[in-house]
Every structure is written in C-alpha cells, then in structure tokens.
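The structure appears below as structure tokens.
Numbering (the working numbering), first residue to last: -12 to 307.
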C-alpha cells in the first residue's frame, strides 16, 4: 500500500489530481488508476472527490500521517549514511544580519577548531524565508529571537538577551536621567558589583523621536508594547529594516531606539550613545535554535551539543 506513496502525497499537497499529474510528469488517468488501486487494497477511499478542491477522508488523513513518518525515516537514513560516507560536510545556519556578521563567527571559532571537516555557511534572512528553507532542507538551523511556527520545526530556547533603550549622548534628557544612564563602558560592566543602576521610567522619552524596525519584526512588536505599557505611543521618525542601521543612526543623534543589549559587546566603543535598562518583562526575550524535527543527522547533532554548552556572549570582546 506504500508503493505509490509519493503519488498520493503529491495529490494531497496539490489538492488536485490534474496538478499532481503535471507535477509528477504522469498522465491524470494513470494517476487516478494508482489511487484506485491503493484504495482497493485498503478497502476504503483516501480522497473525498465531491469537494473542491478535493480533500482527505479520515482514512486518507491517517494514510498521509503514516506516509510522513516513513518519509521522515527515509530522510534520516539518507542524511545519516551521507554523513558517514563524506570526508567533510556542510552545515547551513540562518540568522539576522547582526548575528551572522558579529556573533556567530566568534561563537563558532571553537566549533570549527573541534570539527575542521565541517564547513559552516551563514545565511542572513527573516523568519518566514528561513522557515521555508528549513522545510526544503536548504538550511540546517535558524538562530533568532523568533520561534518558527510550523509543526515540522522544533524551536528551542537557547539563550536570552536584553532589550535596552539607546539614546544619543547629546540629547538634553540624559542630564535629567543621569541616575539611570549608562555610558558605553558602564553598560558592559552593569552586572559587576556596585555597577547596577535602576531601570529608567520609559514615559520620560514620550516626546523624543523614535527609530523603530519595520512592522513584522519581533523587536517592533516589543517596542510598541513597551511604549504602551509605559502609557504612550512612540513618535516614530524613521522605520528601518536592520537593527544595526538603527544603532548607527542613534550614534549620529537622529533619535532613540530599542536595541538588543548584545550590540555593545561586538562594536567599537563610542561616547556618542548612552543606554537605559527597562523595567518590563518583555525587555527580556529568548533566542531560539530552530531545526527540523526527526531529521537530526550526526553532524547536526554536533552543533546542537555545542550550542547547549555555550552562551550567547561566548568569546565576546568583553570577555577576552
């Protein structure tokens, strides 16, 4: 009954006999005969042909569930034997521009030293594009603050990061909030004894121009909620696609912005920006490692094990 599983699975994906036939480069009559043969074997229909598009019967839903399990096992076997037969192999990791440029190259220095036969390829992109590449097996991992919403993908919280408010140092409001204000160097040392300052009352910035990432980004949603919780709507002067662009615009004095606190760990210190911590639970966000369920090869497992033994700020300049 599984001899023709690829054909039946294609019909399920396309929701059409004709579209599946085109996809498979077979004739529609032949494809229909294949389905009838399987249905005769199991003595029950797989598809409800009275709906438009066609849909699965309860028996068809069970059949597809089992086929997906078989396909997953087959893919695991192919990946496993491929990793055993190849002298070297590649891992493809997707993340944001900031992580790909600053964090991951340093984080993976030790991994590359331990596994010189493995080549790491870093790809920049957002959650939607990376989710699609994972499902197509063009990507092994996605590392970012957004868990991927797909039943076939596992997203596990790997680490956490803090969201802070970055403000141009020359803005007059900093003089009023001196007791809350961190210089660049003070922010890096904020967890050392005697260096902690109280979180800033965010409503003090309600009249300042905000630089926000575009809608759809996790930091945008958190920025808006942080301001709502503080009782105001931000006066947004610019919407941006990259957080590092927001950081450099803050340094140039063009506005205030919510940024990941890991940025100062990886960029050159400057006196042109100051930082404030925030007293709101959503100012702490998890960083998720996402990968396909049931498709972990021995090579992929090496990186998973490495990630669980290292932190977000591993080998950062502040720790060297």
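By construction, the Cβ of each residue, glycine as well, lies at the ideal position given by its N, Cα and C atoms.
Treat the numbers as computed from the prediction; the structure is a model and nothing was measured.
Annotation note: the segment 20 to 45 contains no uninterrupted beta strand (DSSP E) run of length 3 or greater. No Cβ-Cβ contact shorter than 8 angstroms links residue 175 with residue 265. As summarised for the segment 56 to 133, the continuous alpha helix (DSSP H) elements at least 4 residues long and confined to that stretch are 91 to 94, 96 to 101 and 114 to 122, given in chain order. Here residue 213 has 150, 189, 245, 265, 267, 269 and 270 as same chain residues with Cβ atoms under 8 angstroms from its own Cβ, once five neighbours each way along the sequence are excluded.
DSSP places residue 147 inside the beta strand (DSSP E), whose first and last residues are 140 to 155. Under the three-state reduction of DSSP, residue 5 is assigned to helix. When DSSP states are grouped into helix, strand and coil, residue 285 belongs to the helix group. For residue 220 and residue 234, the gap between their C-alpha atoms comes out near 21 angstroms. Pairing residue 274 with residue 83 gives a Cβ-Cβ distance that is not under 8 angstroms. Here the alpha carbon of residue 224 sits roughly 22 angstroms from the alpha carbon of residue 164. In this structure residue 167 touches residue 184 by the C-beta definition: roughly 6 angstroms separates them, less than 8 angstroms.
Note that the C-beta distance between residue 243 and residue 192 is below 8 angstroms. DSSP places residue 248 in the coil class of the three-state scheme, outside both helix and strand. The three-state reading of DSSP puts residue 276 in strand, counting E and B together. For residue 171, the enclosing alpha helix (DSSP H) begins and ends at 171 to 175. Cα atoms of residue 230 and residue 200: separation of roughly 7 angstroms, rounded to the nearest angstrom.
In the three-state reduction of the DSSP assignment, residue -6 falls in the helix class. Within the segment 176 to 235, the complete beta strand (DSSP E) segments of 3 residues or longer fall at 196 to 200 and 222 to 227, listed in chain order.
Around the beta carbon of residue 61, fewer than 16 other beta carbons sit within 10 angstroms, so the residue counts as exposed. An exposed status is given to residue 258, since fewer than 16 other beta-carbon atoms sit within 10 Å of its beta-carbon. Linking residue 121 to residue 78 through their CA atoms gives a straight-line distance of about 12 angstroms.
Ranked by how close their Cα comes to the Cα of residue 2, the residues 280, 39 and 222 have 39 in first place. Annotation: the continuous alpha helix (DSSP H) that includes residue 160 extends over 160 to 163.
In this structure, the straight-line span from the alpha carbon of residue 80 to that of residue 63 is close to 19 angstroms.
By DSSP's assignment, residue 271 forms a beta bridge with 149.
Put simply, the backbone Cα of residue 114 is about 17 angstroms away from that of residue 91. Residue 138 sits away from residue 281, with the two beta carbons spaced by 8 angstroms or more. Residue 261: member of the beta strand (DSSP E) spanning 260 to 263, first to last residue. Among the bridge pairs identified by DSSP, residue 243 is matched with 197.
Contact between residue 277 and residue 134 holds: their C-beta atoms lie close to 7 angstroms from each other, under 8 angstroms. Each residue's CA atom was taken as its position, placing residue 26 and residue 123 some 30 angstroms apart.
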